[in-house]
Every structure is written in C-alpha cells, then in structure tokens.
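According to this note's numbering, the stretch in the sequence shown is residues 980 to 1718, in order.
What follows is a single structure, written as structure tokens, with notes after it.
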Amino acid sequence: MHVTSLLNVSENLRFALSNARISYLFQVSPEGLLEHVYFGQRIADEGALPAVPRRAYRCTTLEFQGVENYNLSDTPQEFPLFGTSDARQPMFHAINSAGNSTNVFVYHSHEVLADKPPLDGLPSARGGDSETLIVTLKDAVSQLRVKLFYTVYRDHDVIARSVQIFNDGEQAVELSHALSSSLDLPADDYELLHLRGTWSREMNEQRMDLPAGRFTLESASGTSSNHHNPFIALMQKGANEQHGQVIATALVYSGNFAISVEQGEFDSVRVSAGINPFNFRWLLSAGESFTCPEVLHCFSAQGLGGMSQTWHRFIQQQISPPQFNGVARPTYLNSWEAAYFDVSEDVVLSLADKAKSLGLDMLVVDDGWFKGRNDDTSSLGDWYSDTAKFPNGIEATAEKVKHKGLKFGLWFEPEMVNPESDLYRAHPDWVIHVPDRKLTTGRNQLILDLSRSEVVDYLFERIDSTLSCGNIDYVKWDMNRLMSEIGSAGLAKQQQLETAHRYMLGVYGLLGRITAKYPQVLFENCASGGNRFDLGMLRFMAQTWTSDMSEPIGRLAIVNGASYLFPPSVLASYIGPVPSHQNDRLSSIKLRGEVGFFCAARGLSLNVEDIDNDEQALKEFIELYKATATDLASARFYRLKYTNNEVCWQLTSADHKTIYLGYFHILSAPNLPYRRAHLRGLDAGANYQLKSNGEKYNGAALMRMGIDLPYVHAMQFSNDTDYMDRGDFSSRLMVFDKC
Ligand code: DGJ
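Encoded structure:
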C-alpha cells in the first residue's frame, strides 16, 4: 500500500498519523481535551471508528468540571493531568503561580511540519521521510502553554514524542512532573518485558504479567543506569518472537528516567515515560520554556522479533551517527586487561607490534596514560600526558603507532575528577556536591559539575587539545560512578534539584561540540560497561562497550537482552584473558571468539604472553572478524533460541547473501535431546551452502523444517565433527552462503 500523506487532520479535529503499517490516532473532545483513540496496526483514517473513549462510572468517580458522565479516570488521553477527575500518573504536574497544582490544558491550535525538527539541547532521532504534528494546548488560568510533538515516519513503525512547556505568565512556576509521553491503552491481557541488571550483568531480560497498580522502572543517580534500561515492551499476552502484538517504549535520554506502566481501577493501562519526577524540580521563570527528552513508541504485529527488527533499523538509520552507518569497525587490541594502569610508550609500542603481527587494525590505550595515573586513586581531571610513561606525550606515541600502519584509540573519562588531582585542588567547587556534607566517593572519584559552562569549556579544551594532533581515530568515553549529594554551586537554592538534568544537558553539549569538530573519530560509549547504554548516548557515539563482562558465558544473557533494543552494529566486544577477571571462568579462545563475533566492534584485550600462547587461534579469529566486519555493521539479528542452557542467534548480511548461525551450549549432560534451529528471513526458493562441509540446503527447508544443531555429548560417538560437540561450554559458528 502506498500512503502519500503520513498525517491527516479531520475537520472535527481527529489527528491520524499513519504509514502503511501503523496508525496513531487521537482527537479533541468537546471540552477541548486531547483524547487518545488508538495505536497499533494501521486502520484507515477515513470512515467511522467504533472506539468511543467516553466511559461513565458511578459513585466515587468524578464528573470532569461538571460535564455529565465525563470522567477522566478511564478516558484515554494524550496529556493527562492530576487535579480534576483522574488520579493516575500525570504527564505534567506543576505548582503554578497561584501556589496550587491544578492545571487544565485545552486545545488551542496545531501545525504540521514536513519533516522533524531537532530538540533544543537534547539528542533526538533524525527526521527524513517523516511528518511532525505539533499540537498546542493552553491553560488560561495558570498561563502555561505546552506544545506536544508527534513524528510519524514512512519507513519506520515508530512514533516519536516530546513536549515543550512555556511559561507565558509573569511569575515563576515550579515543574515537578515534565514527562515526555503518556500512552493510554485499552484493558487487555498484557505481559511486560524489561532489561535489568548491575555491573557486569547488564541487560538481563525480565518478563512478568502486568500487575495491577503502577510498576515503574527508574533511575535517580544521574545515569540511565545498568539497573534498568530506559526501555520496556508491553506485549499482548502470549506474544513470542514471531507472533503477537507488542508496543515498546524507549527514551532518547541518558539521565534520571522513569517509565511506568499503570493498570488503573478500570484495568486500562497507561505507559508514561520521561525524566524521573523523583528528586526533580524545575523553576520555569516567566517567559522561559522547558524541553522534555524524546520518547519513541514502536509497534510490532510480529512479536518481539518484529519489534527488534524495527528498533535495529531505526537506530541504525535515525539515531547512530550517519557517517558510521554500515561502516566496518576496526579490529583492535585494547591495553586494559593486557596491562591495566601499567601503560607506557614501551608497553604500547610492543602491544602495537603484536597487534600489527596479528593483523589487527587498531591499538587502543585505555586508562593510565595521563599525569600521575598509576591506579584508580588519582589524576582523573588532569588530561595531560604522564611524561614519565610517555616522555614526548601520548600524541607522539600515537604518531609512532600510526607509523606502524595501525589506527590509534585513546580512553578518556572526562566527566570525573579524583580529589587527588590538580584539577580538584584548583577547583573544589567544580564537582556535584551540596554544602556542609562529606562527599560520597565511588572508585575514589567525584563527578564534575557539567551543569556549569566553565567546566564544559575546560573539558572541551583538554579533549580538543589531544584530538587536534590528528592521530586519534577512536575515543572510548568512560563514566564510572553514580551521583550522590546532588547539587550545584552554580545554581540558586530553589534550583538545586535541576542539577541532574542540567548535568545531562552539559554532557550532551560537550559531546555535541567534540563530535561535530571530529566527525571522523569513532566514539565508543562506556560507563563501567553498560551503565549508560541508551539512545541518548548512541546519538553521538556509534558504539557502546556493552559490558565489562568479557567472559563469554556471562556475556550471552547480556547480548541477548541488549538485542531486544540494540542492533549488533552498536555493540563492542573483545576476547579477554583467562581465567576471566570478572567471574574466574576458564573458556576456550573458540568460545570467546564466537560469542564476541556477534558484536560489530571486535578485538582483543590480552597481554603479549597471552597472545603468544594462542597466536594461531587468535589470528584465525582476527581474519574472520575482518572479513565479516562490513556485514556486522549492518546485519539483521534474530534470536532463534534462548534458554538457561542454550543460545542460538542468526545474523543475515544486509545483502541477504550470508547467514551466520551461532549455537552456544552451556552445560553438557547425558542423553540430551536433539535440537533444531529454524532460520528466519531466508529466500524460500534459494539454496544456502554451509561453508564448513559444502552441503546445500533449501531456504524453505531451513526455515520450516529447520537444521539440526550440533549434538553435545561426553563421548564422540559419530565421526561427523560438524555434528558432534563435547563437554561444557561448547559453541559452533556456522556460515551459509546463498547460492
Ligand atoms: C571501566 C571500563 O568499563 C573498562 O573497560 C575500563 O576502561 C576501565 N573503566 C578503565 O578504568
């Protein structure tokens, strides 16, 4: 079906945002309120709709401002508020200039834009073949005005929403809830899927039946966090990888967030998302405006697999820096687990020689290269080379590495300072803090107050002065602690609770300046692994250090969980040492290399001795990584199997010519059942040749009948080594070429 206009506004003010597959509908009620009508699979916008959102209840329910039988506690709305007849989570809550919190916004006007405007000071999805509806609502009493932004895309089943709040009055207003989106859905049987964890165990999938009441995922310590990713999928009960309806929500924001799902007294469901209202206040002075972060809602009628395909394509095309879209990531050797803080020019150059002889593309110097940084107790903030380790500066070492024919990468943790540093001694008030309190530390460090422009300027100047040498191809941007004693010396007393959001605006401003000045430098987002792994950071950085968990069995759940939202193109991995520094497990190079294969950015973090011990096996992986790097940068990812003991993933190259199938079997046992995998998205009429044995298989058969997976047993009772595997922690990477 070809849909020419993505946006349709009827005479009686019903707004229809549709592409060929989805529709998002809402309307203006006779009272001027915005009523949500529908979000899901496309329905034609012309013609009558059966849905009537007005519901009448008796007894303790209220009638909105005296309108008979009009109660908002079960009326689906676009901009729900507290204070009249709805006590569920409001999208907006403010103490107005009269000192009370009753604010009632009614429709004032709307406009349609041919594309999508960027958000003021905040990252947001890019536009393109899209249309944006802006609806303006006003509250005549409190003299507040809001603009609700909705973008619909022709090629993506995603609706982008955000809000701008204006104070048109003469006195300041105090915002406490400034959420970005609220989606009211009809009563039904739903399940939830979300991603939770902690350091080195990020992104673990959780599923649950939707509880009655309000269930909230949130962060309050300054980053989106590894505790809960700012993402949730609400599934029609029984939806699985390929079937059933899913509405998913993700925030383009990296600070304190809240996503709540509320099943109210009449069972209808409200999904709200935005800045966490807890510990947030914003003084909106007369004439000022406030922009809320962007929220994305995605709809899939093909289950969680369909949802992930939608997110992956959207992130690649509308979020990730476009200059790296589909571009092969360099294979690398990172100094961290090879040398920790003991880096020096000699160490770096010998690692570079090793990297070169292995055929790697890049050498990355991780932590430890700057003034006095010999362990984690000092020096963050002092972004000058340690001349005892790098006598002519890191820039000169970078040049030597580049002369060897390698790219050069460098680690920074710009947002942090150690009390033991020249920067802190010179500017003790440049940290996030509150007066008269001892400060809590994390990894011996404090957080610089990036809500202050002088701090942002200092960091820009320091990073710029290093990158301007022209020999840095990659930056790993780390961030290793959460916020405590949250306040800023740069803000007035009434504005202290603005600190965390203003900090994020400072981080985005700094990242915006640096990445605009160095568009060809590949930035990797890292926060002790995945402690700030979200679409806000990905707007500036093409990839993320997925987790400090480099041990492959520990990584399976993390990559599987991450794949619900994130494509392989934004994931980074490396083959680390054994026993694992994270969980003490021993694992083969084969397993480490094959699990790592499913991330686009791939490398090693091993010392010279470790490399020498496994040189041949490592060389083979590096060859494979390089040969497949372009495919990984744009491949489609499918979760074929995920249980406590088995994982099977499929990658299909963007040209559909190569299929990579990874099978990971954790613990062996006697007489295990035989398993099959059913491949997805193949050409039913084509044949696919398995590289290892030259066998050809028909696409329809691979999808419908499936292919036998390696059989794991304690004894090798068949000579077919393509079919047998032994013992714990076995893995197999199968490559099929379309013929
Ligand atoms: C935490 C990161 O996740 C690690 O990869 C490493 O860069 C260390 N920081 C360095 O301090």
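The beta-carbon is built from N, C-alpha and C at its ideal position, and this holds for glycine as well.
Since the structure is predicted, the reported quantities are computational estimates derived from the model, not experimental observations.
Residues bridged to residue i [DSSP beta-bridge criterion]
| i | result |
| --- | --- |
| residue 1125 | 1116 and 1144 |
| residue 1193 | 1241 |
| residue 1214 | 1170 and 1225 |
| residue 1017 | 1004 |
| residue 1620 | 1627 |
| residue 1523 | 1504 and 1550 |
| residue 1131 | 1110 and 1138 |
| residue 1261 | 1154 |
Same chain only: Cβ atoms within 8 angstroms of residue i, ignoring 5 sequence neighbours per side
| i | result |
| --- | --- |
| residue 1446 | 1454, 1493, 1496, 1497 and 1500 |
| residue 1002 | 995, 996, 1017, 1018, 1019, 1020, 1021, 1022 and 1024 |
| residue 1341 | 1309, 1310, 1311, 1312, 1334, 1385, 1386, 1387, 1388, 1452, 1453 and 1582 |
| residue 1063 | 1041, 1043, 1044, 1051, 1081 and 1083 |
| residue 1649 | 1692 and 1693 |
| residue 1410 | 1396, 1403, 1418, 1425, 1426, 1427 and 1428 |
Pick from the options that is closest to residue i, judged by C-alpha positions
| i | options | result |
| --- | --- | --- |
| residue 1663 | 1678, 1653, 1510 and 1669 | 1678 |
| residue 1343 | 1366, 1605 and 1376 | 1376 |
| residue 1053 | 1046, 1065 and 1047 | 1065 |
| residue 1435 | 1472, 1395 and 1415 | 1395 |
| residue 1189 | 1164, 1176, 1204 and 1201 | 1164 |
| residue 1300 | 1633, 1102, 1407 and 1080 | 1102 |
| residue 1416 | 1466, 1479, 1478 and 1554 | 1466 |
| residue 1617 | 1561, 1575, 1560 and 1546 | 1546 |
| residue 1328 | 1693, 1320, 985 and 1314 | 1314 |
| residue 1625 | 1604, 1631 and 1647 | 1647 |
| residue 1479 | 1177, 1203, 1296 and 1192 | 1203 |
| residue 1441 | 1359, 984 and 1099 | 1359 |
| residue 1045 | 1553, 1010 and 1029 | 1010 |
| residue 1259 | 1156, 1266 and 1178 | 1156 |
| residue 1706 | 1456, 1034 and 1692 | 1692 |
| residue 1283 | 1548, 1273 and 1216 | 1216 |
| residue 1554 | 1539, 1576 and 1674 | 1576 |
| residue 1517 | 1658, 1379, 1423 and 1293 | 1293 |
| residue 1585 | 1093, 1339 and 1181 | 1339 |
| residue 1422 | 1366, 1401, 1253 and 1355 | 1355 |
| residue 1226 | 1257, 1169, 1253 and 1661 | 1169 |
Same chain, Cβ closer than 7 angstroms to residue i, neighbours up to 5 away in sequence not counted
| i | result |
| --- | --- |
| residue 1655 | 1685, 1686, 1687 and 1688 |
| residue 1246 | 1166 |
| residue 1007 | 992, 1013 and 1086 |
| residue 1320 | 1346, 1347, 1352, 1353 and 1354 |
| residue 1005 | 994, 1013, 1014, 1015, 1016 and 1057 |
6 angstroms CB neighbourhood of residue i in its chain, flanking five on each side removed
| i | result |
| --- | --- |
| residue 1154 | 1073, 1261 and 1263 |
| residue 1635 | none |
| residue 1543 | 1287 |
| residue 1067 | 1241, 1243 and 1249 |
| residue 1580 | 1308, 1522 and 1551 |
| residue 1113 | 1090, 1126 and 1128 |
| residue 1143 | 1126, 1268 and 1270 |
| residue 965 | This structure gives no information on residue 965, because the portion of the chain shown stretches from 980 to 1718. |
CB of residue i within 8 angstroms of CB of residue j, strictly
| i | j | result |
| --- | --- | --- |
| residue 1061 | residue 1050 | no |
| residue 1162 | residue 1387 | no |
| residue 1238 | residue 1196 | yes |
| residue 1172 | residue 1212 | yes |
| residue 1671 | residue 1713 | yes |
| residue 1146 | residue 1198 | no |
| residue 1295 | residue 1104 | no |
| residue 986 | residue 1091 | yes |
| residue 1322 | residue 1381 | no |
| residue 1708 | residue 1507 | no |
| residue 1491 | residue 1512 | no |
| residue 1123 | residue 1075 | yes |
| residue 1568 | residue 1596 | yes |
| residue 1710 | residue 1619 | no |
| residue 1393 | residue 1348 | no |
| residue 1108 | residue 1133 | yes |
| residue 1175 | residue 1207 | yes |
Original post:
Touch check for the stretch 1635–1654 and the stretch 1295–1312: three-plus C-beta pairs under 8 angstroms?
Top reply: no
Original post:
Does the count of Cβ pairs from the stretch 1295–1308 and the stretch 1602–1611 closer than 8 angstroms reach three?
Top reply: yes
Original post:
Counting pairs of beta carbons, one from the stretch 1082–1090 and one from the stretch 1468–1481, are three or more of them closer than 8 angstroms?
Top reply: no
Original post:
Between the stretch 1557–1576 and the stretch 1527–1543, do three or more beta carbon pairs fall short of 8 angstroms?
Top reply: yes
Original post:
Touching or not, the stretch 1482–1489 and the stretch 1222–1236, by the rule of three or more beta carbon pairs under 8 angstroms?
Top reply: yes
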